[in-house]
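A short worksheet on the structure shown next.
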Amino acid sequence: IAGRATLAQDENWARSGARDRAEYIEWANHVCGMACLKMVLGHRDGAAPPLLELARRSLPYGAYVREGERIKGLIYAPFVEY
Numbered sequence: 006i007a008g009r010a011t012l013a014q015d016e017n018w019a020r021s022g023a024r025d026r027a028e029y030i031e032w033a034n035h036v037c038g039m040a041c042l043k044m045v046l047g048h049r050d051g052a053a054p055p056l057l058e059l060a061r062r063s064l065p066y067g068a069y070v071r072e073g074e075r076i077k078g079l080i081y082a083p084f085v086e087y
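According to my numbering, the sequence shown is numbered sequentially starting from 6.
If you want it as structure tokens, here you go:
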């Protein structure tokens, strides 16, 4: 938050559900909407899947779209379908 640490330095990366640190670094700045969903699910169900597991589950719906090296999303309509 204060800009003193990089994503690569985050020792808690595995808690995100990332398969490895590289996946965490690639996705961490794209899953704000999934963080909101995770909080809602946690409140409703008492637990929720990790962020990147939620993001991976939403990919077939088009909630995130890869364009070369870029990740577009969270895209509202496909996310609602998910």
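Every residue gets a Cβ at the ideal spot worked out from N, C-alpha and C, and that includes glycine. All figures in this text were calculated on a predicted structure; none of them were measured in a lab.
Could you have a look at residue i and say whether DSSP puts it in helix, strand or coil?
{"i": "Ile80", "result": "coil"}
{"i": "Arg20", "result": "helix"}
{"i": "Val36", "result": "coil"}
{"i": "Ala27", "result": "helix"}
{"i": "Tyr87", "result": "coil"}
{"i": "Gly51", "result": "coil"}
Since residue i sits in a beta bridge, which residues does DSSP pair it with?
{"i": "Glu58", "result": "Answer by DSSP bridge pairing: none, since Glu58 is not bridged."}
{"i": "Arg75", "result": "Glu72"}
For the alpha helix (DSSP H) holding residue i, just list the boundary residues, first then last.
{"i": "Arg9", "result": "Looking at the DSSP string, Arg9 is not in any alpha helix (DSSP H), and its letter there is neither H nor E."}
Give a yes or no on whether the C-beta atoms belonging to residue i and residue j are separated by under 8 Å.
{"i": "Ser21", "j": "Leu56", "result": "yes"}
{"i": "Ala19", "j": "Trp32", "result": "no"}
{"i": "His35", "j": "Ile76", "result": "yes"}
{"i": "Leu59", "j": "Ile30", "result": "no"}
*Counting Cβ pairs, one atom from each stretch, are 3 or more of them under 8 Å apart for the stretch 31–45 and the stretch 79–86?*
With contact defined as three or more Cβ pairs closer than 8 Å, the stretch 31–45 and the stretch 79–86 are in contact.
*Please determine if the stretch 47–57 and the stretch 65–72 are in contact, where contact requires at least 3 C-beta pairs separated by less than 8 Å.*
With fewer than three CB-CB distances shorter than 8 Å, the stretch 47–57 does not count as touching the stretch 65–72.
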